[in-house]
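Structure first, then comments.
Residue numbers (the numbering used here): 5 to 207.
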């Protein structure tokens, strides 16, 4: 847990870094493009299906398409964060490299790039984990709604923890750790000073 919090805090401390800003900008653009494509697909798809297979008038088909689009908007509001996390996961190695370049320059010099397929797989796992965790905690979110601010605070804490976990997993991969050893092995390496800046040079 401490390692996750440390990874998250290091990233938060560099939110103004142009490389991290670029990652968020790209992620938001891709996320919006995904939802725009889904919305357009639903609109024209439902309109075509209703008009073709249900012999409905064009106005009824358009009405059905509009209803489907509104439902899609509701789904987008609920799933936006999950999809955004998945997209950010694809570019997460850029965040890790930015953090390493500032805080662990000896590791950055020896850093290796993750393949797009592996980054995408990590993004999908992050999204799935975020979806499951937030669905499991949805009763708590509903209960906290009566406080006015409890729900967003709880959501922020939970998803900050998830983001910290994702960053630790990314560091684990870049450090050639296996899935089975993360994040405990990374914690041991950090406690041993392997990932910390040293006066006596790189590891």
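Glycine included, each C-beta is placed from N, C-alpha and C at the ideal position. Remember, it's a predicted structure, so these values are computed and weren't measured experimentally.
Since residue i and residue j are thought to touch, with beta carbons under 8 Å apart, how far apart are those beta carbons, to the nearest angstrom?
i: residue 32; j: residue 88; result: 7 Å
i: residue 94; j: residue 135; result: About 16 Å separates the two Cβ atoms, so there is no contact after all.
Roughly how many whole angstroms lie between the Cα atoms of residue i and residue j?
i: residue 92; j: residue 28; result: 7 Å
i: residue 168; j: residue 79; result: 26 Å
i: residue 67; j: residue 41; result: 19 Å
i: residue 51; j: residue 59; result: 11 Å
i: residue 160; j: residue 22; result: 23 Å
i: residue 74; j: residue 36; result: 16 Å
i: residue 133; j: residue 45; result: 26 Å
i: residue 149; j: residue 142; result: 11 Å
i: residue 62; j: residue 48; result: 12 Å
i: residue 137; j: residue 121; result: 24 Å
i: residue 158; j: residue 145; result: 7 Å
Whose CA, out of the options, lies closest to the CA of residue i?
i: residue 84; options: 94, 145, 34 and 154; result: 34
i: residue 163; options: 81, 76 and 130; result: 130
i: residue 55; options: 69, 45, 43 and 77; result: 69
i: residue 43; options: 122, 138, 76 and 128; result: 76
i: residue 24; options: 38, 90, 98 and 65; result: 98
i: residue 30; options: 57, 90 and 158; result: 90
i: residue 170; options: 124, 146 and 158; result: 124
i: residue 39; options: 64, 81 and 144; result: 81
Subject >> Length-filtered (4 minimum) alpha helix (DSSP H) runs lying within the segment 12-98 >> reply: 22-57 and 62-94
Original post:
Where are the alpha helix (DSSP H) runs, 4 residues long or more, that stay fully inside the segment 115-162, in chain order?
Top reply: 120-140 and 142-148
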